[in-house]
Amino acid sequence: MITADNLTKAYGSQLVLNINHLEIPKGQSFGLVGNNGAGKTTFFSLLLDLIQPSSGKIVNNEVEVSASEDWKPFTSSFIDESFLIGYLTPEEYFYFIGDLRGRNRADVDALLAQFEDFFHGEILGQKKYLRDLSKGNQKKAGIVASFIGNPEVVILDEPFANLDPTTQIRLKAIIKELAASEGVTVLVSSHDLIHVTEVCERIVVLNKGEVVKDIQTSAETLKELETFFGG
Amino acid sequence: MFKHFIRLQWKSFFRSSSFGKGIALKILMIFFGLYMLAALVITGSGIYFVLQELFPDQSPMWTLNQYLVYWILMEMFFRYFLQKLPVMDIKPFLIVPIHKSKITHYILGRSGVSIYNLFAIFFFLPFAIVLLFKGYAALNVLLWLLSIFAIVLCINYVNFLINKSDKALFVIIGLILTFYALDYFQIVPIKEFFGPTFHGLYAYPLAFLAPIGLAFIVYWLNYRFLRNRLFLDDSLKTKKQEAKSSDLAWTRRFGDIAPFLQLDLKLIWRNKRTKAQVFISLLFVFYGLIFYTQDIYANMMPMFAFLGIFMTGIFLANFGQFIPAWDSAYYSMMMSQNIPLRKYLDSKAGLISVSVVVMFLLTIPYVYFGWEALAINFGSALYNLGVNIPVILYFGSFNKKRIELDKSPFGNMQGTSGTQFLIMLPVLGAPILIFTIFHFIFSVEVAVAVLSIMGIVGFMFKNKLLDAITEQYRKKKYGMIAGFKEKNS
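As structure tokens, then:
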């Protein structure tokens with residue numbers, strides 16, 4: 001589904017990302033871990049064509065992302081709060097995203113109904129603009145918005161940060177279900193090793209822009225990661 | 001303790017992000033500030049002679065006092081929008097060992113020296129000096145001046161008390177309109193009613209105690225009010241508007257651009273700065289009155305062309321120059337979403353077109369000053385529609401400065417860069433130049449026709465032009481995303 005080849009990103013003389021070859025097959029739930037500055041967000045930004053690669057390319061479902069925009073209809077993402085439109089209510093935001101992805105109100109409402117648990121009554125019908133919601137609730141809205149319109153690739157940057165324990169557990173279930181049943185490729189980055197190992201079939205560790213580990217998740221994975229990061 | 005506060009204030013001013021702006025912008029802002037002050041000082045010192053001219057049979061002091069009631073109301077009106085008590089700044093002090101009463105005095109005292117109060121000083125002080133030169137009794141003038149400053153402080157503190165409710169605003173507007181109407185239709189002579197009251201402050205020196213006493217009372221009310229509410233969940237809470245969802249169903253008829261049109265309308269209506277822009281634009285309809293009514297301009301057709309382009313294009317200029325920076329806060333989302341960029345631009349163009357048409361309709365009454373005014377405004381409107389809209393959208397692709405939407409609109413230079421000054425040249429300069437040339441060589445009719453035809457031609461090629469502009473936006477995408485991400489720029 002997603003292939004990165006000879007992908008580098010440099011700012012001045014500093015190389016922040018250098019991936020020789022990385023292939024993510026369709027339907028895989030893919031986890032990206034690494035310390036601050038490891039290049040996780042850089043990789044996602046490249047994948048979304050928000051920044052330009054210094055060399056190499058990323059191909060998403062046979063579309064080279066920096067050359068054509070045809071990857072947009074089947075790719076959705078939530079990177080941070082800057083993906084939200086602060087002066088809209090959550091409902092309006094969902095409908096707006098629905099409009100962009102060819103879903104009418106009824107479709108969006110049907111989808112939102114599935115996430116009632118996840119929202120925990122704090123998102124819909126609150127008479128609040130997104131900018132006035134707490135960080136955690138903003139995140140919930142952003143994550144669910146990225147599920148609108150049956151995307152084939154879902155990219156979530158640090159989805160677990162700022163969420164309360166109940167929501168974290170629910171989110172894990174949602175991501176697992178998404179990756180398992182619908183053949184959706186899910187890309188998740190996280191600082192929380194426990195969450196990623198639980199959710200992802202495969203974990204790639206980035207360190208200073210390079211892939212240093214590429215693991216198929218197993219019972220020992222968490223231990224392995226802890227040893228790696230624990231030094 | 002106050003020394004600490006003042007030192008912090010000093011640092012916050014000189015280290016603020018707006019202060020660290022580009023040198024060009026800084027110089028421009030300083031010039032603008034100086035210009036404002038100079039304008040106030042000149043008006044202040046000149047008003048004596050103007051009033052003498054206008055009302056030769058009464059003392060200028062008397063005349064000015066008659067109008068003070070309107071000044072107070074207008075000032076209340078403007079301050080309602082512009083001035084807020086800077087309560088948020090004191091959050092960090094709550095958990096350090098400083099008495100809350102001191103913190104309260106600090107923020108209230110600080111607002112006493114706010115720029116809004118300085119305006120009055122720069123106006124009334126020169127006026128008072130002129131009075132002294134004209135032989136008014138020195139003691140009386142000085143005490144009157146003191147009273148005026150006390151009134152300014154009253155306005156300052158009353159504003160904070162009433163700022164919490166919209167009702168107060170309507171009361172102020174209501175008072176202004178009623179007073180003016182009563183005066184105008186000579187039902188109740190408001191001016192003559194209030195004139196002696198304010199003049200009394202001059203005539204009876206001891207009367208100055210009244211406004212000063214009043215200022216103390218209002219200060220004390222404010223103090224008591226605030227002191228008891230220095231809690232995070234009370235007056236220190238940022239006000240959250242209750243959101244009103246609206247689906248703007250009527251926009252559906254615009255087809256593909258409907259989602260963006262809805263977004264733009266909400267953008268404008270739900271954010272302070274954009275909302276202020278709409279009101280300011282509407283106010284500029286009256287700009288023409290300044291020029292049309294004066295004989296010197298009666299035959300200056302290029303001036304009329306300037307007015308035409310300016311009045312029908314004010315929203316185009318104000319709003320258009322910052323496209324797409326209005327969407328800067330979530331621009332990376334827009335760029336990674338399934339968004340047809342062309343539709344996005346179409347929607348902006350549509351919105352601006354509507355504004356041009358509305359502004360033109362509003363300027364129709366100027367036909368009173370001659371058919372040329374109407375004809376020129378019409379030609380200008382067409383030119384704005386056909387030529388200036390693509391031009392301003394094109395230049396928008398050079399915008400790289402982020403705009404924080406919820407920041408106050410007043411004196412907010414966020415998002416401003418060299419681009420903005422560059423934009424104004426072709427948008428405002430080109431049509432006036434074209435008009436002037438054709439007017440000079442041929443006639444007004446030809447000049448209007450040329451502007452209109454250029455507009456119509458531009459309109460015919462609208463699709464082609466917008467396609468080219470879309471391509472330009474695509475090319476500049478990465479720079480824009482990176483630029484919009486930089487806060488404090």
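So the protein sequences, as listed, match chains Y and G.
Under the UniProt record's numbering, the first residue of the first sequence carries the number 1, and numbering increases by one thereafter.
Under the UniProt record's numbering, the first residue of the second sequence carries the number 1, and numbering increases by one thereafter.
Note that beta-carbon positions come from the ideal geometry of N, C-alpha and C, so glycine has one too.
| Check | Outcome |
| --- | --- |
| Beta-ladder partner(s) of G30(Y), from DSSP | The displayed chain sequence assigns Phe, not Gly, to residue 30(Y). According to DSSP, F30(Y) bridges with L187(Y) and R202(Y). |
| Residues from the region 98 to 119 of chain Y in contact with chain G, defined by Cβ distance under 7 Å | D99, L100 and R101 |
| Spatially closest choice to A468(G) from K100(G), V113(G), Q9(G) and R342(G), by CA coordinates | R342(G) |
| Closer than 8 Å at the beta carbon, the chain G residues around Q138(Y) | Within 8 Å Cβ-Cβ: nothing; Q138(Y) doesn't reach chain G, min ~12 Å. |
| Backbone CA spacing between L15(Y) and M424(G) [nearest angstrom] | 41 Å |
| Neighbour flag for E486(G) against chain Y, beta carbons, 7 Å | no |
| L361(G): CB within 6 Å of a non-hydrogen atom of the ligand SAH | The model on display carries no ligand, and the ligand SAH is accordingly not part of it. |
| Neighbouring residues, chain Y, relative to P324(G) (Cβ below 7 Å) | Within chain Y, no residue comes near P324(G); the closest Cβ sits about 13 Å away, beyond 7 Å. |
| Q186(G) burial status per 10 Å Cβ neighbour count (16 or more: buried) | exposed |
| Amino acids of chain G, ordered along the chain, whose beta-carbon sits closer than 7 Å to that of F96(Y) | P259 and L263 |
| C-beta contact flag for R204(Y) and V196(Y) at 7 Å | One detail in the question is off: residue 204(Y) reads as Val in this sequence, not Arg. No, they are not a contact pair. |
| Beta carbon proximity, R227(G) to chain Y, threshold 7 Å | no |
| Residues near F55(G) by beta carbon distance below 7 Å, same chain, minus five either side | T63 |
| Beta-carbon proximity check, I175(Y) vs V144(Y), cutoff 7 Å | no |
| Residues bridged to V153(Y) (per DSSP) | T75(Y) and T185(Y) |
| E62(Y) (DSSP reduced to helix, strand or coil) | coil |
| Validate contact between the region 362 to 380 of chain G and the region 439 to 450 of chain G using beta carbons, cut 8 Å, 3 pairs | yes |
| Where the alpha helix (DSSP H) containing H199(G) begins and where it ends | I190 to A203 |
| Burial state of S218(Y), where buried means 16 or more other Cβ atoms lie within 10 Å | exposed |
| Span separating the alpha-carbon of F149(G) from that of F286(G) | 31 Å |
| Near-chain Y residues of the region 455 to 488 of chain G - C-beta to any C-beta below 9 Å | R474, K477, Y478, I481, A482, F484 and K485 |
| Stretch pair the region 3 to 15 of chain G + the region 25 to 34 of chain G: three plus CB contacts closer than 8 Å | no |
| 7 Å Cβ cutoff met for L139(G) and P196(G) | no |
| Supposed contact pair P426(G) and V391(G) - C-beta distance, whole angstroms, cut 8 Å | 5 Å |
| Which of helix, strand or coil DSSP assigns to Y245(G) | The question names Tyr, yet the displayed sequence has Ser at residue 245(G). S245(G) falls in the coil class under three-state DSSP. |
| Contact check, P259(G) vs F96(Y), beta carbons under 7 Å | yes |
| Per-residue burial, H21(Y) [other beta carbons within 10 Å of its own, 16 or more giving buried] | exposed |
| Cα-Cα separation, L221(G) to G109(G) | 14 Å |
| Sequence-distant residues of the same chain with beta carbon closer than 7 Å to S489(G), five excluded per side | Reliability of the predicted coordinates at S489(G) is poor, the pLDDT of 42 falling under 50, and no value is obtained from them. |
| The region 330 to 350 of chain G in contact with the region 49 to 57 of chain Y per 3-pair CB rule at 8 Å | yes |
| Under the three-state DSSP convention, the category I323(G) falls into | coil |
| Closest Cα partner of R227(G) within the set H439(G), V87(G) and L393(G) | V87(G) |
| Under the three-state DSSP convention, the category T312(G) falls into | helix |
| Cβ neighbours of P211(G) in the same chain (closer than 6 Å, five flanking residues each side left out) | S147, A150 and I151 |
| Neighbour flag for P159(Y) against chain G, beta carbons, 7 Å | no |
| Three-state secondary structure assigned by DSSP to H99(G) | coil |
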